[in-house]
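Notes follow once the structure below has been shown.
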Amino acid sequence: MKKYLNKLFYSDKWNIGYINQSAKSLIEQRGFSSNITWLHETQADYSADPFAILHKSKIYIYYEELKSVLSKGKINVIQGFDFKTKKQVNGFQPSNIHLSYPYIFTCNEIIYCVPETAKAKEVALYRVDPLQMNKIVKLRVLLEGKHFVDSSIIYYNNQFWLFTSVNGSSNVFYIYHAATLEDEFVPHQKNPIASNDKNFRGAGNLFIVDNRLYRPTQNIGIRYGGSVN
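Going left to right, the sequence shown walks through residues 255 to 483 as our numbering numbers them.
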């Protein structure tokens, strides 16, 4: 009953913001050094999971858009920080499922996307068309068989590392690795790394500062997306 009452009378709103601060400064100061600038979006209830990429001197932000009445997310891209440039990203397979967490990274000047497609029970690698930033092509399936969520990839210490969680009550966290993006991603010898832990789901781009790898995570102990660690 509580679930249905919340749906009828409670409205949630998610938005995208940014700060003028480097990752190194964020680590050294252990927090934000400036105020958050919030973007202006009036056409959706949720604008979440933003991932930014610099391409030909322009910033592109990929993110999940969701309208509560539909309960099915889609992936959009905007140029700069302007929602008026919004375009839906096309090429996801299957295309009729909930899409979110469009993790973006580059390797050898190629732009890749690893979206959350939990309903398809897979983690798939896509390539972004550099001439049409809202067009992508599916290259291969990296993992399959589970409801993988919030997956992230980074090249570190001569390996590609894939971090992912499996959706459900257990909140199980896994790590995989491969020498190249064409190789099979093999499980870490200590998998599952964690279970029943509410602080392991991914919360954005992985980054490296002073040769140390950092992985932002969600604190969902109070509520989903309660804070970022």
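Don't be surprised by glycine CBs; every beta carbon is placed ideally from N, CA and C.
Just so it is clear, the structure is predicted and the values come from calculations on it, not from any experiment.
Does DSSP put residue i in a helix, a strand or coil?
{"i": "leucine 435", "result": "coil"}
{"i": "phenylalanine 414", "result": "strand"}
{"i": "threonine 371", "result": "strand"}
{"i": "isoleucine 408", "result": "strand"}
{"i": "alanine 277", "result": "helix"}
{"i": "lysine 338", "result": "helix"}
{"i": "glutamate 228", "result": "No statement about residue 228 is possible, as the shown extent of the chain runs from 255 to 483 and does not include it."}
{"i": "glutamine 443", "result": "coil"}
{"i": "glutamine 347", "result": "coil"}
{"i": "glutamine 283", "result": "helix"}
{"i": "proline 356", "result": "strand"}
{"i": "glutamine 386", "result": "coil"}
{"i": "arginine 394", "result": "strand"}
{"i": "asparagine 450", "result": "coil"}
{"i": "alanine 457", "result": "coil"}
{"i": "arginine 469", "result": "coil"}
{"i": "asparagine 269", "result": "coil"}
{"i": "tyrosine 430", "result": "strand"}
{"i": "asparagine 425", "result": "coil"}
Taking 7 Å as the limit between beta carbons, can you name the residues of its chain near residue i, skipping five residues before and five after?
{"i": "alanine 433", "result": "Gln413"}
{"i": "alanine 372", "result": "His401, Phe402, Val403, Asn421"}
{"i": "lysine 267", "result": "Asp299"}
{"i": "serine 349", "result": "none"}
{"i": "serine 311", "result": "none"}
What is the rounded straight-line gap between the Cα of residue i and the Cα of residue j?
{"i": "lysine 400", "j": "proline 441", "result": "14 Å"}
{"i": "glutamate 295", "j": "tryptophan 415", "result": "34 Å"}
{"i": "leucine 353", "j": "isoleucine 290", "result": "26 Å"}
{"i": "valine 482", "j": "asparagine 473", "result": "6 Å"}
{"i": "valine 382", "j": "isoleucine 364", "result": "8 Å"}
{"i": "valine 463", "j": "isoleucine 429", "result": "20 Å"}
{"i": "phenylalanine 337", "j": "leucine 293", "result": "8 Å"}
{"i": "histidine 309", "j": "glutamate 398", "result": "31 Å"}
{"i": "asparagine 269", "j": "glutamate 318", "result": "10 Å"}
{"i": "glutamate 274", "j": "glycine 479", "result": "Looking at the sequence itself, residue 274 is asparagine, so the reference to glutamate does not match. Cα-Cα distance, rounded: 22 Å."}
{"i": "proline 384", "j": "threonine 339", "result": "17 Å"}
{"i": "serine 288", "j": "arginine 455", "result": "26 Å"}
{"i": "isoleucine 307", "j": "alanine 374", "result": "26 Å"}
{"i": "arginine 466", "j": "alanine 302", "result": "27 Å"}
So residue i packs on residue j, CB below 8 Å; how close in whole Å?
{"i": "asparagine 459", "j": "phenylalanine 286", "result": "About 16 Å separates the two Cβ atoms, so there is no contact after all."}
{"i": "alanine 457", "j": "proline 446", "result": "The pair is not a contact, with the Cβ atoms about 19 Å apart (cut-off 8 Å)."}
{"i": "tyrosine 357", "j": "serine 406", "result": "5 Å"}
{"i": "valine 331", "j": "isoleucine 315", "result": "7 Å"}
{"i": "asparagine 388", "j": "lysine 444", "result": "Incorrect: roughly 39 Å between the Cβ atoms, too far for contact."}
Counting only the same chain and skipping the five closest in sequence on each side, list residues whose C-beta sits under 6 Å from that of residue i.
{"i": "isoleucine 408", "result": "Trp415, Leu460"}
{"i": "arginine 394", "result": "Leu379"}
{"i": "leucine 320", "result": "Tyr300, Gly327"}
{"i": "glycine 334", "result": "Ile313"}
{"i": "isoleucine 281", "result": "Val463"}
{"i": "glutamate 484", "result": "Outside the shown range of the chain, which is 255 to 483, sits residue 484, and nothing can be said about it."}
{"i": "alanine 448", "result": "Phe427, Phe454"}
Nearer than 6 Å: is that true of the beta carbon of residue i relative to any heavy atom of the ligand SAH?
{"i": "tyrosine 478", "result": "With respect to the ligand SAH, the structure shown offers nothing to examine, as it has no ligands at all."}
Apart from the five residues just before and just after residue i, which ones in its own chain have a Cβ nearer than 8 Å to its Cβ?
{"i": "glutamate 438", "result": "Ala432"}
{"i": "proline 369", "result": "Ile329, Phe346, Leu353, Ser354, Tyr355, Pro356, Tyr357, Ala378, Tyr380"}
{"i": "glycine 475", "result": "Lys452, Asn453"}
{"i": "glycine 271", "result": "Ile290, Thr291, Trp292, Leu293"}
{"i": "tyrosine 468", "result": "Ala277, Ile281, Leu460, Phe461, Ile462"}
Taking only runs of the alpha helix (DSSP H) that begin and end inside the segment 286–328, which ones reach a length of at least 4 residues, in chain order?
none
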